[in-house]
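Colleague: My questions all concern the structure below.
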Amino acid sequence: MKRQVTLDYTLPEGALRPYFEGLREGRAMASHCVICGRVAFPARAQCCGADVEWRALSGRAQVERRTDGGGRGFALVRFEGADTRATVGITNPEASADAGELTMNTEGGAGIWLTLDRDQKGGRNV
Numbered sequence: 001m002k003r004q005v006t007l008d009y010t011l012p013e014g015a016l017r018p019y020f021e022g023l024r025e026g027r028a029m030a031s032h033c034v035i036c037g038r039v040a041f042p043a044r045a046q047c048c049g050a051d052v053e054w055r056a057l058s059g060r061a062q063v064e065r066r067t068d069g070g071g072r073g074f075a076l077v078r079f080e081g082a083d084t085r086a087t088v089g090i091t092n093p094e095a096s097a098d099a100g101e102l103t104m105n106t107e108g109g110a111g112i113w114l115t116l117d118r119d120q121k122g123g124r125n126v
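11 is the number that UniProt numbering gives to position 11 of the sequence shown; each next residue is one higher, with no gaps.
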């Protein structure tokens, strides 16, 4: 016999609170390792066995790889100032630009979202 079970729970943000607060506000907060100097976005709570400091990034990202289908788009990007890459959802998958800006997900879903740049002439895609 099959039964559907729905669980309603919240995972505490803990040491990553600045990162998640930034995402909710459309800001990129990265972790900076005080030992190796690495800047991570998405953030890490620890690096090299030590706590991290927080750095605000510009929110600009360069698309390195991209996949599209079913009216949706996803990309592997590197945010300016970060040493790591992130997988993001693309808010405007019809755009063809290779760079964009971190944005809040207006539909309330989780994750990191990027709005790709548009050409300045008539709002067309680059």
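We treat Cβ as the ideally placed atom computed from N, Cα and C, and that holds for glycine.
With distance defined between alpha-carbon atoms, name the residue in L11, N92, C33 nearest to C47.
Modeller: C33
Colleague: Taking Q62 and D8 to be in contact with their CB atoms under 8 angstroms, please state how far apart those CB atoms are, rounded to whole angstroms.
Modeller: Between D8 and Q62 the Cβ distance is about 38 angstroms, and since that is not below 8 angstroms, they are no contact.
Colleague: Classify F79 as helix, strand or coil using the three-state DSSP reduction.
Modeller: strand
Colleague: Between which two residues does the beta strand (DSSP E) harbouring L114 extend?
Modeller: Counted as a single uninterrupted DSSP element, the beta strand (DSSP E) harbouring L114 occupies residues 113–116.
Colleague: Given a threshold of 16 other Cβ atoms within 10 Å of its Cβ, counted over all protein chains shown, does S31 qualify as buried or as exposed?
Modeller: buried
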